[in-house]
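A.B. asks: Chains A and B, in that order, give the protein sequences. FYI, the numbering for the first sequence is 7 to 115, going by the working numbering. FYI, the numbering for the second sequence is 4 to 119, going by the working numbering. Glycine included, C-beta positions come from ideal geometry on N, C-alpha and C. Questions regarding the structure given below will be posed in turn.
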Amino acid sequence: KNEVEQSPQNLTAQEGEFITINCSYSVGISALHWLQQHPGGGIVSLFMLSSGKKKHGRLIATINIQEKHSSLHITASHPRDSAVYICAVTSNTGNQFYFGTGTSLTVIP
Amino acid sequence: DTEVTQTPKHLVMGMTNKKSLKCEQHMGHRAMYWYKQKAKKPPELMFVYSYEKLSINESVPSRFSPECPNSSLLNLHLHALQPEDSALYLCASSQRGGGPHTGELFFGEGSRLTVL
């Protein structure tokens, strides 16, 4: 069983739609990360959060520590948002970094 | 400067070649990482350097040899690789804190390696 589970695995949306990607984890964490990876490319850190909610442009990330759950929302989605979104957590010992398997998002014009 | 720079972006090598991948960051981060990523899979940790010392080696074969000449540079020396070693190799860095993975990870664009 993976320490970090994401859903859905694949997601196709029409341009302009509101998108939600979910992440659940089973270990004690000090931080949760949302990462973005375009095809064949490097990884960009979108958010690092340990409580509450963060917003950057059209992206919003929330975390519920008690439920061990986080969501990434994209408002007014655009084709350039098409990428793999990866949830990852830093263990509360700081010694482990666990990746989810990623959510592949395709936004159709 | 919040960049992690990796070179080369693409590398093709034969199984008898010796080559190196390079990674550089100027954010003052004291932890640096090598990850290997196969297609449609999450990255797999290979090595962690903390304060220029190797702190984690995830049982990586000796044909991969990491080196950290100083706090800004991280190399991965490659020798006698196999075709199954073809992958995207990602470098990352973070500020050293209570553990090697404490803090935000900054990734490079990766080096796409093909072993023939």
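Mapping the DSSP letters down to three states, classify Glu87 (chain B) as helix, strand or coil.
C.D. replies: Helix at Glu87 (chain B).
A.B. asks: Can you confirm whether Thr18 (chain A), when its beta carbon is compared against all beta carbons of chain B, has any partner nearer than 8 Å?
C.D. replies: By this cut-off, Thr18 (chain A) is not an interface position.
A.B. asks: Quick one: grab the DSSP three-state call for Pro69 (chain B).
C.D. replies: Pro69 (chain B): strand per DSSP, three-state reduction.
A.B. asks: Take Ser36 (chain A) and list the residues in its own chain whose beta-carbon comes closer than 6 Å to its own, dropping the five residues that flank it on each side.
C.D. replies: Here the set comprises Thr96 and Asn98.
A.B. asks: Drop a sphere of 10 angstroms on the beta-carbon of Ser97 (chain B), count the other beta-carbons inside from all chains shown, and report buried for 16 or more, exposed for fewer.
C.D. replies: Looking at its Cβ environment, which holds 16 or more other Cβ atoms inside 10 Å, Ser97 (chain B) is buried.
A.B. asks: Compare the C-beta of Ser161 (chain A) against all C-beta atoms of chain B and say whether one is closer than 8 Å.
C.D. replies: Because chain A here runs from 7 to 115, residue 161 (chain A) falls outside it and cannot be looked at.
A.B. asks: Kindly say whether Pro45 (chain B), judged by its beta-carbon, lies nearer than 8 Å to any beta-carbon of chain A.
C.D. replies: So yes, Pro45 (chain B) belongs to the interface.
A.B. asks: Would you call the CB atoms of Ile27 (chain A) and Leu78 (chain A) closer than 8 Å?
C.D. replies: Yes.
A.B. asks: So, with DSSP's three-state summary, where would you put Arg115 (chain B)?
C.D. replies: Strand.
A.B. asks: Hey, which unbroken runs of the beta strand (DSSP E) at 3 residues or more fall wholly within the region 29 to 53 of chain A?
C.D. replies: 35 to 43, all fully within the region 29 to 53 of chain A.
A.B. asks: If you count every other CB in all the chains shown that lies within 10 Å of the CB of Gly48 (chain A), and 16 or more means buried, which is it?
C.D. replies: Burial call: buried.
A.B. asks: Determine contact between the region 18 to 32 of chain A and the region 69 to 85 of chain A, defined as no fewer than three beta-carbon pairs at a distance below 8 Å.
C.D. replies: The region 18 to 32 of chain A vs the region 69 to 85 of chain A: in contact.
A.B. asks: Along the chain, where does the beta strand (DSSP E) containing Ile114 (chain A) start, and where does it finish?
C.D. replies: It spans Thr109 to Ile114 - the beta strand (DSSP E) in which Ile114 (chain A) sits, taken as one unbroken run.
A.B. asks: How would you label Gly58 (chain A), buried or exposed, when you count the other beta carbons within 10 angstroms and need 16 or more for buried?
C.D. replies: Answer is exposed; the Cβ neighbour count stays below 16.
A.B. asks: Against chain A, which members of the region 29 to 41 of chain B pass a CB distance test of less than 8 Å?
C.D. replies: Here the close residues number zero.
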